[in-house]
Amino acid sequence: MNTSTNRIDQLPAQDGALVEGLYREHGTALFRFIAGLTGGDRQLAEDVVQETLLRAWKHAERLCAMESASIRPWLITVARRLVIDAHRARTARPRETDASALEVLPGPDEMSQALETMTVSDALDTLSPFHREALVETYLKGRTIAQASAHLGVPASTLKSRIYYASHAMRLALQERDQKEGPGR
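With the sequence shown counted from 1, adding 873 to any position gets you the numbering used here.
Structure, rendered in C-alpha cells:
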C-alpha cells in the first residue's frame, strides 16, 4: 500500500482485510513504538498492538475517511493511551504475592517482640546518657556490677545508684507511654 496517496477505503473492511492491511503496513512500527513504551515487555506490546488494531477495525468508517498518512499517528495515539491505561491498571491493583513471600513475614510472637523492643528503645532514649549506659551495660549486655563499673570507670555504688534511678525513670516512661496509647493495645 502506498502511504502517500492511497486511502484506507481501498481496503475492503470485510473478513479482516482491513486489520491485515493495517498490520502489514503499520504493525512493525507500532510494535517497536509500544515495546519502547513498555520497557521491552513483548507480551504487553503484542497485546496492545492487537487491541489497537481491534479499535481500528471498530472505527473503520472513521479510518476510511482519513488519508493513509494520518492513519499511523491515529494508531500510535490509540496505542499510547492503551499503554497508559495498562500501566494505571497495574498500579491501581496491588501486586499478588506468592506463598514464599508470606513465609518471610514475621509471626505474631516476632511482631510482639519487635514492638516491645521498639517501646523499650524509645523509653531508653528518654534517659540521660549516664542512666542509659548503666542499664545498657548491666541489663542488655549482661555484665555484672563489677564488670560494668570497671568498663564505665565509675565506682560500683555510683553504678548501682544510676541503675536504680534509671529503672525508676524507665518505669515512668513506659507507664506514660501506656497511658498515651490507651487500653486498646
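Heads up, the beta-carbon is just placed ideally off N, CA and C, and yes, glycines get one too.
Predicted model only: the values in this text are computed from it and were never measured.
- Straight across, the Cα-Cα distance linking leucine 895 with threonine 964 is about 31 Å.
- Sixteen is the threshold: since fewer than 16 other Cβ atoms of the shown chains lie within 10 Å of the Cβ of arginine 935, the residue is exposed.
- The shortest C-alpha to C-alpha distance from proline 1002 to any of Leu988, Arg915 and Met1043 is the one to Met1043.
- Distance from the CA of serine 941 to the CA of tryptophan 947, rounded to the nearest whole angstrom, comes to 10 Å.
- Here arginine 1035 is buried: its Cβ has 16 or more other Cβ atoms, across all protein chains shown, within 10 Å.
- In terms of CA proximity to glycine 900, Val922 leads the group Val922, Ala929 and Met939.
- Each of Ser1022, Thr911, Thr990 and Glu989 was checked against the Cα of histidine 1004, and the nearest Cα belongs to Ser1022.
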